[in-house]
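K.L.:
Dropping a structure here in structure tokens format, bear with me for questions.
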Amino acid sequence: MVARHESFPSFLLYSLKSFLLLGLVQDSTSFIFTNTPEYPLRVASFNIRRFGLTVVSRPAVLSNIVRIIKRYDVVFVQETRDKSLASVDTLRAALGEAEWEYTASSPVGRGTYKEQYVYFYRPAVVKLLHAYLYNDSRDAFEREPYIVQFLYWSPAASSNVKVTLVGAHLTPDDVPNELEALTEVISQVKGNISDSQGIVTMGDFNADCNYLNGAERGAATLFNTPSEYTSFLRDTSDSTVSHKQDCAYDRLVLTEQGQRQVKVANVKAFDFEKGLGINYEAAYALSDHYPIEFSLL
Ligand SMILES: *[C@@H]1O[C@H](CO)[C@@H](O)[C@H](O)[C@H]1NC(C)=O
Ligand SMILES: *[C@@H]1O[C@H](CO)[C@@H](O)[C@H](O)[C@H]1NC(C)=O
């Protein structure tokens, strides 16, 4: 078990803290986790290129995806292309059905090309409270964001905390407009799910290189309004697997809400070529994107 926590040096501290608090804790939300984690919640956003039946039919690829997802408690998967969700069930079986559940969106996209969003999560560690697709009444998005709220145990706050996650895979063809539209989504979500302690907006925003130039990045409200949005990944970060590319496509933004704030820490693109010790071909066979991983304190 300890191996799972390797990359989170604060583990021992939290372990000690929650040990001391064990049994003393009550919360307004009476839900009790069966396996109260003694470490911060570990979350990732991961564009698994063209995830579907072909991907899960390749044992080496599937087993590497499993190794990556098991690093976390909640994983937002983008680019699922399998209406039947059979591939998602196969992945869940490979993860361990007793430990993992998921919620999947209906297929989203304006034309015949559609994708589904999936959140995998450990029900012993988080409780899913809401899941819905943004009502995109003015059709601002090719793929309307998929919004969930989770309840989790925060060792730092010594209480249960509610966090809302807004996951989106922005279309490369319209990144500046869709990025701005995300600010409307966030304010709508604030009104609709008013009892969160923070809103995390994340995903493959295609927010760099050919799809968003320097001037457009400079104009993006989400990345340049620190009083309202904390953007954790800089324009110089790199979430691409390719050695030839260096693009900050995948992003993570926190919006504060409520009294007791969710805190985000340990944000980085997880380089699974290095992290899993696999070669470049095996890494690129898995996806062209690294997951963005972070802790929720
Ligand atoms: C508000 O949230 C609920 C989920 O709890 C969802 O079903 C509903 O569509 C949302 N309303 C809007 C306007 O987004
Ligand atoms: C979405 O919003 C539009 C415009 O506000 C509204 O007419 C429609 O009923 C909403 N749809 C759902 C499913 O809530």
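Read in order, the letters of the sequence shown are residues -30 to -1, 1 to 267 in mature numbering (1 follows the signal peptide of the UniProt record, and there is no 0).
Don't be surprised by glycine CBs; every beta carbon is placed ideally from N, CA and C.
Computed from a predicted model, the values in this text were never measured in an experiment.
1. Would the beta-carbon of Ser105 be found less than 8 Å away from any heavy atom of ligand 2?
2. Taking the runs of the alpha helix (DSSP H) that are 4 residues or longer, which of them lie wholly in the region 96 to 173?
3. State yes or no: is the C-beta of Ile163 nearer than 8 Å to some heavy atom of ligand 1?
4. Starting from the N-terminal side, write out each stretch of the beta strand (DSSP E) that is 3 residues or longer and does not extend beyond the region 3 to 62.
5. Thinking Tyr91 and Asp43 are a contact (beta carbons under 8 Å), I'd like their distance in whole angstroms, please.
6. So, at 8 Å on beta carbons, what are the nonlocal neighbours of Ile262 in its own chain, with the 5 sequence-adjacent residues on each side left out?
7. So, does the region 30 to 37 touch the region 70 to 77, judging by three or more C-beta pairs under 8 Å?
8. Any heavy atom of ligand 1 closer than 8 Å to the CB of His213?
9. In three-state terms, what does DSSP make of Glu263?
10. My understanding is that Tyr116 touches Leu266, with C-beta atoms under 8 Å, so please give their C-beta distance in whole angstroms.
11. What runs of the alpha helix (DSSP H), each 4 residues or longer, lie entirely inside the region 204 to 263?
12. Does the region 185 to 196 touch the region 243 to 255, meaning 3 or more C-beta pairs lie closer than 8 Å?
13. Which of the three DSSP states, helix, strand or coil, is assigned to Tyr181?
P.N.:
Reading off the structure:
1. Just to set this straight, residue 105 is Asn in the shown sequence, not Ser. It does: the Cβ of Asn105 is within 8 Å (strictly closer) of some heavy atom of ligand 2.
2. 145 to 162
3. yes
4. 11 to 21 and 44 to 50
5. 7 Å
6. Ala14, Ser15, Phe16, Met172, Leu203, Ser209, Asp220, Arg221, Leu222, Val237, Lys238, Ala239 and Phe240
7. no
8. no
9. strand
10. Not quite, the Cβ-Cβ distance comes to about 18 Å (not below 8 Å), so this is no contact.
11. 242 to 245 and 250 to 256
12. no
13. helix
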